[in-house]
Structure formats: C-alpha cells, structure tokens
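Residue numbers (the numbering used here), protein chains in the order written: chain D, 1 to 111; chain F, 1 to 112.
What follows is a short report on a single structure.
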Amino acid sequence: DAKTTQPTSMDCAEGRAANLPCNHSTISGNEYVYWYRQIHSQGPQYIIHGLKNNETNEMASLIITEDRKSSTLILPHATLRDTAVYYCIVRWETSGSRLTFGEGTQLTVNP
Amino acid sequence: EPEVTQTPSHQVTQMGQEVILRCVPISNHLYFYWYRQILGQKVEFLVSFYNNEISEKSEIFDDQFSVERPDGSNFTLKIRSTKLEDSAMYFCASKSGGETQYFGPGTRLLVL
C-alpha cells in the first residue's frame, strides 16, 4: 500500500467547512483512497472512499486530484462532534486485505 | 443500522491469565478482523479471517493469540497467557464482499 502524509493537527470553526489534505504521491493505478476517523478511542468509523472521481456521501466529500497524488476530505459544515483523528489510507481493492493506519490528522472543531 | 458489537467493553486480568474477547460481526459479513491500539499509538492490524481460516496475520499475532468463529455469529480473539504489553484497545471489524470494513466499539484490556 502506498504511503500517505497528513498534517498532524488542524483546527476548524464550528459551522465552517473542514478541509483535510492527504498526500499519496506513490499511489498506483489500482489503489483506492479511504478515509476513516476515530473519535477518542472509539472504533474507527468509515467515512468515504474513491478511486479517481470525486465522491460525496451524507458525511463528506472526497476530492482526488487528476494525477491522484493527493486528495482532500471535506466536511462541509463541521460540528463539535466531528472532532476526531482522521486517517487517510491508500490500499489495493483486494478482498480481505488489512487496513494500515498511520498517525492521521487530529481535527479539532472549535465553538 | 447493523453494527459490530464487542464484549466485554472493559476487561482487567492478571498477567499470565487467558482472556477471550468476543465480537458479533454484522450479519451476512464474510471477512473478520482484529486490530489493536496501545494507548497513544496507532491502530495496528492483528489478523484477518475468512472462510473459517486465517487469511492474513501480522507479526504481532504470535502463538499466544488465536481466533475462532465457534458458531454462526461470534468471532473471538483468545490471548493464552497475557503479558503487560497486551494492554490495549482491541477492535473487531467485519466486511461483506465489498471493501469497507466496519469496526466495533472495542474492548479495553488491562493486564496487571
């Protein structure tokens, strides 16, 4: 799986959009970008994933650059409950394969 | 919405004792996983299980660890003789044929 680089921490004001960047410059053509988050030692929670195209669901949007070397997770209207560690994970789409977590980005949403 | 459940939420044990952590994966899921997170550290993969056998394991998953799916619903992680360094949060995850793994709330294991 390709290595990812994320900022250690970010702050965001409540109600504003939170934009979390991830660099994955060594990503290969068959690797997907996944985002999970972990709220204070709870189990990691799946947010969204994508291959090439931008994706949106009820939680977030994922913007992947055309060269696929970086991506941004967007939480459109951050709330205090979005305070968490956000993990960007790049992995092959092969059944059964493990998730490899890095350090992630600690997002703090401030009132 | 279906979810992965884990019991107990907390477990305190003496060093050298055996512990069994239990998980009920999401119904109809086929792939099962255990991860752990030592306090202040990253989430680490331990083992994956599919079709009633281990499909992948990490270097952490040594002979002291075993997994089992004793019936159609439970998925267990057994640590035969616990060590102080086994103290961690243990997360179970499951997935269907798709690629998204869904995690349980975890069991906090404290070895004294």
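Glycine included, C-beta positions come from ideal geometry on N, C-alpha and C.
With residue i and residue j assumed to form a contact (beta carbons below 8 angstroms), what rounded beta-carbon distance in angstroms separates them?
| i | j | result |
| --- | --- | --- |
| H24 of chain D | S70 of chain D | 7 angstroms |
| F93 of chain F | Y102 of chain F | It should be noted that the sequence gives Ala, not Phe, for residue 93 of chain F. That pair is a contact at about 6 angstroms. |
| N74 of chain F | V4 of chain F | The Cβ separation is near 12 angstroms, so there is no contact. |
| Q42 of chain D | P105 of chain F | 6 angstroms |
| W92 of chain D | N53 of chain D | About 18 angstroms separates the two Cβ atoms, so there is no contact after all. |
| T107 of chain F | Q6 of chain F | 5 angstroms |
Name the DSSP bridge partner or partners of residue i?
| i | result |
| --- | --- |
| V19 of chain F | F:I79 |
| H10 of chain F | F:R108 |
| R69 of chain F | Answer is none; R69 of chain F lacks a bridge partner. |
| A78 of chain D | None, per the DSSP bridge assignment. |
Could you work out which residues of chain F lie near residue i, taking near to mean beta carbons separated by less than 7 angstroms?
| i | result |
| --- | --- |
| R16 of chain D | Chain F residues near R16 of chain D: none, gap ~28 angstroms exceeds 7 angstroms. |
Just the chain D side, please: which residues come within less than 7 angstroms of residue i by C-beta, in chain order?
| i | result |
| --- | --- |
| L13 of chain F | In the sequence under discussion, the amino acid at residue 13 of chain F is Thr, which differs from the Leu named in the question. The contacting residues do not exist; T13 of chain F stays about 19 angstroms from chain D at best. |
Going by DSSP in three states, residue i sits in which element: helix, strand or coil?
| i | result |
| --- | --- |
| D67 of chain D | coil |
| L30 of chain F | coil |
| D63 of chain F | coil |
| R53 of chain F | A small correction: the amino acid at residue 53 of chain F is Glu; Arg does not occupy that position in the sequence shown. Three-state result, E53 of chain F: strand. |
| E103 of chain D | coil |
| E58 of chain D | coil |
| E85 of chain F | helix |
| R91 of chain D | strand |
| R98 of chain D | coil |
Give the interface partners of residue i over in chain D, defined as CB-CB distance under 8 angstroms, in chain order.
| i | result |
| --- | --- |
| E53 of chain F | Under the 8 angstroms cutoff, chain D gives no residues; its nearest Cβ is about 11 angstroms from E53 of chain F. |
Along chain F, in chain order, which residues have C-beta atoms closer than 9 angstroms to that of residue i?
| i | result |
| --- | --- |
| Y86 of chain D | Correct list: empty, because the minimum Cβ distance to chain F is about 13 angstroms. |
| S41 of chain D | Q37, L39, M89, G106, R108 |
Interface residues of chain F around residue i at Cβ under 8 angstroms?
| i | result |
| --- | --- |
| Q45 of chain D | F103 |
| G102 of chain D | K42 |
Okay, do the stretch 7 to 14 of chain F and the stretch 60 to 69 of chain F touch, 3+ Cβ pairs below 8 angstroms being the bar?
no
Using a Cβ distance threshold of 8 angstroms, determine whether the stretch 75 to 90 of chain D contacts the stretch 14 to 23 of chain D, with at least three qualifying pairs required.
yes
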